[in-house]
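Engineer: For the working numbering, add 245 to where a residue sits in the sequence shown, where the first one is 1.
In this text, a Cβ means the ideal position worked out from N, Cα and C, and glycines have one as well.
Since we're looking at a predicted model, the values are computed, not measured.
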Amino acid sequence: MYNEIFSKVFRWLFIGLLVTFGVAYLTLVNVINNYNLAVKLFSGGTYWLIAIAEIVIALILGVRIYKMKGSTAKVLYLLYCALTGLTFSTIFIAYELSSIIYVFLATAIILGIFSYFGKNTKIDLTKFGTYLFMALIGIIILEIINIFLLNNTLNMILCIVSLVVFMMYIAYDIQKVKLLSSMGVPEENLAIMGAFQLYLDFINIFIRLLQLFGNRRD
Numbered sequence: 246m247y248n249e250i251f252s253k254v255f256r257w258l259f260i261g262l263l264v265t266f267g268v269a270y271l272t273l274v275n276v277i278n279n280y281n282l283a284v285k286l287f288s289g290g291t292y293w294l295i296a297i298a299e300i301v302i303a304l305i306l307g308v309r310i311y312k313m314k315g316s317t318a319k320v321l322y323l324l325y326c327a328l329t330g331l332t333f334s335t336i337f338i339a340y341e342l343s344s345i346i347y348v349f350l351a352t353a354i355i356l357g358i359f360s361y362f363g364k365n366t367k368i369d370l371t372k373f374g375t376y377l378f379m380a381l382i383g384i385i386i387l388e389i390i391n392i393f394l395l396n397n398t399l400n401m402i403l404c405i406v407s408l409v410v411f412m413m414y415i416a417y418d419i420q421k422v423k424l425l426s427s428m429g430v431p432e433e434n435l436a437i438m439g440a441f442q443l444y445l446d447f448i449n450i451f452i453r454l455l456q457l458f459g460n461r462r463d
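1) Which of the three DSSP states, helix, strand or coil, is assigned to Leu453?
2) Could you tell me the distance, in whole angstroms, from the CA atom of Leu394 to the CA atom of Ser407?
3) With respect to the alpha helix (DSSP H) encompassing Met313, which residues constitute its N-terminal and C-terminal limits?
4) For the candidate residues Arg453, Thr371 and Leu443, whose alpha-carbon lies nearest to that of Leu258?
5) Note down the Cα distance separating Gly241 from Leu331, rounded to an integer number of angstroms.
6) Measure the alpha-carbon distance for Thr398 versus Ile405 and round it to whole angstroms.
7) Does DSSP classify Arg466 as helix, strand or coil?
8) Count the CB pairs spanning the stretch 427-438 and the stretch 381-392 that are closer than 8 Å, and state whether there are at least three.
9) Is there contact here, the stretch 353-361 with the stretch 295-313, by at least three beta-carbon pairs under 8 Å?
10) If distances are taken between C-alpha atoms only, which option among Lys421, Ala327, Ala351 and Ile354 comes closest to Asn365?
11) Between Phe251, Leu294 and Phe447, which lies nearest to Leu350 when the distance is taken from Cα to Cα?
12) List the DSSP bridge partners of Tyr340.
13) Would Met413 be called buried (16 or more neighbouring beta carbons within 10 Å of its own) or exposed?
14) What's the C-alpha gap between Leu328 and Thr375?
15) Do the CB positions of Val348 and Leu455 come within less than 8 Å of each other?
16) Mind checking Asp418: buried by the 16 CB within 10 Å criterion, or exposed?
17) State yes or no: is the C-beta of Val410 within less than 8 Å of the C-beta of Cys326?
18) What does the alpha-carbon distance come out to for the pair Phe255 and Ala353?
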């Protein structure tokens with residue numbers, strides 16, 4: 246029973262990542278030789294509009310996912326992935342392609358290891374949800390503060406702590422999918438919600454690893 250739902254979760258996760266990195270690459274190709282388009286996309290109101298749209302979609306998926314039609318959930322999920330791809334195009338500008346590929350593979354391995362742990366462990370990880378959420382809020386607050394401090398040591402510490410938190414979130418989210426599946430939650434909606442949560446985990450781990458180990462372009 247669980248194998249079928251996890252197959253759908255990871256299928257949608259793969260599709261979401263494909264959309265994100267596909268949009269990121271296509272955006273890069275179009276803006277790299279078009280200065281005006283780059284300015285419109287990455288500065289001023291457009292960038293903030295994209296960021297706000299991502300937050301709104303994430304909130305809608307988080308609150309309404311089990312009450313909306315499966316088709317609506319899929320559209321919102323893919324739209325979120327596409328919007329993330331627009332902002333992700335800056336990564337291809339800032340970092341060498343080889344670094345991006347290596348970090349992507351490393352992130353995929355981490356996802357596989359902690360997904361396996363979450364699926365097979367006998368430990369009840371759901372009780373750690375509150376602590377993980379509190380840790381995440383603390384990280385976000387400190388990252389906002391560090392925007393003004395520009396402290397490299399604090400940034401490195403936050404990257405490492407974030408990696409640990411999101412690795413644990415992978416196992417937690419996998420176990421939550423198992424729990425909700427056993428409670429009879431609609432499979433189509435659950436697959437999108439599981440994919441979305443793992444997508445967020447993957448992207449955050451990818452970004453942190455890239456910050457720690459990625460080679461920037463000269």
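Structural biologist: This is what the structure gives:
1) Note that residue 453 is Arg in the sequence shown here, rather than Leu. Arg453 falls in the helix class under three-state DSSP.
2) 19 Å
3) Note, Met313: premise wrong, no alpha helix (DSSP H); not H, not E.
4) Leu443
5) Within the shown structure, residues of the chain are numbered from 246 to 463, placing residue 241 beyond reach of any answer.
6) 11 Å
7) Any question about residue 466 goes unanswered here, given that the chain covers just 246 to 463.
8) no
9) no
10) Lys421
11) Phe447
12) Arg461
13) buried
14) 28 Å
15) yes
16) buried
17) no
18) 11 Å
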